Each structure stands twice: as C-alpha cells, then as structure tokens.
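Residue numbers (the numbering used here): 777 to 1148.
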Amino acid sequence: MTDMSTTTRDHAGEAGQALLVVEDLKTHFEVPAGMVKAVDGVSFTLEKGKTLGVVGESGSGKTVLSRSVMGLNVAPNTHTTGSVIYDGEQMVGKTPKKMKEYWGEEMAMVFQDPMTSLNPVVKIGRQLTEHVRQHHNVSKSEARDIGIELLRSVRIPEPESRIDNYPHEMSGGMRQRVCIAIALACSPKVLFADEPTTALDVTVQHQILNLLATQQRERHMTMILVTHDLGVVAGRSDEIAVMYAGRIVEKAPTATLFAGMRHPYTQGLLNSIPKTDQPSHTRLSAIVGRPPDLINPPAGCKFAPRCPYAQERCHEEEPQLVNAVAVGHQFACHIPVGSPESDAAFQRNLEAGRPQTLAAAGRLLATEELVD
Ligand code: SF4
C-alpha cells in the first residue's frame, strides 16, 4: 500500500494565520447589454484551518466569488480587480498558466454536479490517478494505490474494484465522493465546495457534507463552503458571509450570526429553510421578488424592493458594512433587524399592505391557504 503521507503536507501549527486575504474584489462581465457586476467589492480574511460559509440565492455572486479567488474566471469579457492574497502572494493578475501551479496542490474545487465534472467515457481510476501523476513523480501502479486510498478515504466501499468503474456505474452520491477524492488528491490547502450537494437527494446530502467536514478536520484544510442554504453551513462553518447582488451584506462568526442576525436578507434566508421543531407541513416563508438586475441595479439598497422593512432612505442611500456590537460581526443595513426602528418600519409597511412585509408576517401565506 502506498504511503499517503507522500501526498499530504503537514499543516500542523499553521492555525490562526490568515491564509487568504481578499480585499475589494470585483468581477465584472462585459456583455452586449452592459457590465454585469457579479462580484462588486468583496473583502474577507480566512484563517488556516477554518471554514467560511458563503450563502446567498442563485445570482448573488457567491459562485463567481469562489471562482474569482481561484482564478478560474478566464473568459476575455471578464474584468477582475482588487486583491486576493493567498499565503502571502497576490493572485489577481496572474495568468491562467501561472494559476495552474496553484490548482490542485494549493486550491481545489468540488463543483455542483458530479456528472458534468467527471468525464463519462473515462474510468474513474484514470481520472483520479491522472491528477495524482500530473502533480507527483509516481509510477502508474503507485498512482493506482494512491487512487485506491483516496477512494477509501472518501468512504467508497470496495475501492479496489470501484476504481475500474465508469461514472455511470456509480450513484450520484458515489460520483460526488469521487469528485471530492479528485479534489483532495494533491492535498490542497484550500478546498472550495460550490453547492456540493445540490444535485443529490437529502440523505446523501448529509453524508457528503459530513464527509467534507471530516476531511477538512483530518487534513487541517481551509474550506469555503458555497451554498444557497443557511441550514447547510449552520453547523459546518466557523464564519458565514451572506451575499446579495455581488456584495457581502452580513458577515459574522456562525454562532454570533444565528444568535442575532441583523440583515433582513439573512433573516429572509433563515425563514425560508425548514426547522426541525416545525410541524411537517408548515409552509415556508419565501423571500418575495427576485434578485436585482446586476447591469442596472436599483439605487440605494439593492435589497430594498424585496425588503419587508424598507423605508424611503433605503431607496436612496446604499448602506455600507458597519461593525455590530459582537466581535467580527458586520452588516450593511440602515434599519437592522432587532432595532426599535425596524419594528416601527415593519409595522408601517404592514399597514401600507406592502407584499414583502405581508409575506414576512405570514399573512400572504394565510390568505393563500384560504384560497386553496
Ligand atoms: Fe432593508 Fe433598508 Fe436594510 Fe436595505 S437598508 S436591507 S432596504 S432595511
């Protein structure tokens, strides 16, 4: 059996240091209709060995953000500015050729859909071992042993025979385990997991998320877990950044965020996920409306057209991230949840019959139920 320590760097003693420092990162895409500001001034710091949960609806910019940090947005219509310091080195401005030195060994990504990230006509063993052989000076049979060990480490049963399967011979959950094994093959320091369970059914989702958490712990990896589901990152991240319209609108250590979220969008995301203490047929409260047009976003707060608390000022003045009382907690909102102003604003909007406020109050749902 090949000694896996040959492919696993020792990360001990590195905790507490900033591995990734992102400052005012912007990724804009030039399209015929104008400039899509997909990521528009994002900053965060991630320490070694920690997990950051990046949460938002589709179109919030979370996937573009992780791809930008990895240098994967290489289309000619992409404009990336700002700074991504990885392990002391500036990544923004590096050519794809230069970035290749970082992919696999330093940063790796697990994508949403295992079926599209695996080559359907190549046996999974070759897809795994090619990766290992590209980065390490090992023979074919040594690479195969490493591949088998990787499959074992992601809990694939009978890895000695499974290594000769084609992707279609495996279930969706198994295929995602293979993708995780490929991502882990060169012991990256940072693992990006972009909606890694979206294509899977609920029970398998839990297994895959737990597997990622175990691998992160055992390998002392730093992880960025990207998801639309606040519930997914609740027990699996050290810190959470909530994104809306290309910006971080709230950021806090996980326990702090759940103890006292201040941004109405974060509150909306939380209200849209099922809770274990709710009766099984409880209707969830969706956030009314759609994310804004990122070419011509609304003036002021971009969440204002959907926000149950929005007042005149919100439509005129864009809120900036400010520090909350709790250490490490920041939010960008003029009328934060939990303040006396927010209660008054909510009441005013309720009386005015604003749909987003009615929905948040549960009245729309009650009316729908009557109509049903
Ligand atoms: Fe809502 Fe206003 Fe806060 Fe924006 S600034 S989230 S519109 S209360």
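Where a beta carbon is used, it is the ideal one built from N, C-alpha and C, also for glycine.
From a predicted model like this one, the values you see are computed outputs, not experimental measurements.
Pick out whichever of 878, 1131, 854 and 813 has its Cα sitting closest to the Cα of residue 963.
Here the closest residue by C-alpha is 878.
Could you give the first and the last residue of the continuous beta strand (DSSP E) run that contains residue 811?
Unbroken beta strand (DSSP E) run through residue 811: 810 to 823.
Bridge-paired residues (DSSP) for residue 866:
Residue 866 has 861 as its beta-bridge partners, per DSSP.
Under 8 Å: does the beta carbon of residue 1118 sit that close to some heavy atom of the ligand SF4?
Look at residue 1118: its beta carbon is less than 8 Å from one of the heavy atoms in the ligand SF4.
Using CA coordinates, which residue listed in 898, 998 and 883 is at the minimum distance from residue 961?
The residue with the shortest Cα to Cα distance from residue 961 is 883.
How long is the line joining the alpha carbons of residue 795 and residue 1137, rounded to whole angstroms?
Distance between the alpha carbons of residue 795 and residue 1137 is about 42 Å.
Which residues mark the beginning and the end of the beta strand (DSSP E) in which residue 829 is found?
Element bounds for residue 829: 827 to 831.
Residue 856, buried or exposed, once every other Cβ within 10 Å from all chains shown has been counted against 16
By the 16-neighbour rule on beta-carbons within 10 angstroms, residue 856 is buried.
Just reading off the alpha helix (DSSP H) that residue 985 is part of, what are its end residues?
Residue 985 -> alpha helix (DSSP H) spans 978 to 994.
Which whole-angstrom value describes the C-beta separation of residue 847 and residue 875, a residue pair presumed to lie in contact below a C-beta threshold of 8 Å?
That pair is a contact at about 4 Å.
In terms of alpha-carbon separation, which member of 920, 1094 and 1112 lies closest to residue 1041?
The shortest Cα separation from residue 1041 among 920, 1094 and 1112 belongs to 1112.
Are residue 1079 and residue 1021 touching if we call contact CB-CB under 9 Å?
Yes.
Three-state secondary structure (DSSP) at residue 1125?
Helix, per DSSP.
Consult DSSP for residue 1145 and reduce its assignment to one of helix, strand or coil.
Confidence is the limiting factor: at residue 1145 the pLDDT is only 46, short of 50, which leaves the residue's position unreliable, though a coordinate-based value still follows. DSSP places residue 1145 in helix when its eight states are reduced to three.
For residue 874, report the span of its alpha helix (DSSP H) as first-last.
Where residue 874 is concerned, the enclosing alpha helix (DSSP H) stretches over 872 to 875.
Label residue 1119 either buried or exposed according to how many other C-beta atoms from any shown protein chain fall within 10 Å of its C-beta, with 16 as the threshold for buried.
Residue 1119 should be labelled exposed.
Tell me whether residue 965 is buried or exposed, calling it buried when 16 or more other Cβ atoms sit within 10 Å of its Cβ.
Looking at its Cβ environment, which holds 16 or more other Cβ atoms inside 10 Å, residue 965 is buried.
Residue 1087 versus residue 1024: straight-line alpha-carbon distance, rounded
Rounded to the nearest whole angstrom, the CA to CA distance from residue 1087 to residue 1024 is 21 Å.
Determine the direct distance from the alpha carbon of residue 806 to that of residue 858, and round the result to whole angstroms.
Distance from the CA of residue 858 to the CA of residue 806, rounded to the nearest whole angstrom, comes to 17 Å.
Taking residue 1095 and residue 1109 to be in contact with their CB atoms under 8 Å, please state how far apart those CB atoms are, rounded to whole angstroms.
Yes, residue 1095 and residue 1109 are in contact; Cβ-Cβ is about 5 Å, under 8 Å.
Tell me the residue span of the beta strand (DSSP E) that contains residue 1039.
From DSSP, residue 1039 is part of no beta strand (DSSP E); its letter is neither H nor E.
Leaving out five residues on either side along the sequence, give the residues of the same chain with a beta carbon under 8 Å from the beta carbon of residue 928.
The residues 935, in chain order, have a CB closer than 8 Å to that of residue 928 in the same chain once the five nearest residues on each side in sequence are set aside.
Mind checking whether residue 971 and residue 998 have CB atoms under 9 Å apart?
No.
Chain-order list of residues whose beta-carbon lies under 7 Å from that of residue 835 (same chain, five-residue window excluded)
If we look at residue 835 and ignore the five residues flanking it on each side, its Cβ neighbours are 1067.
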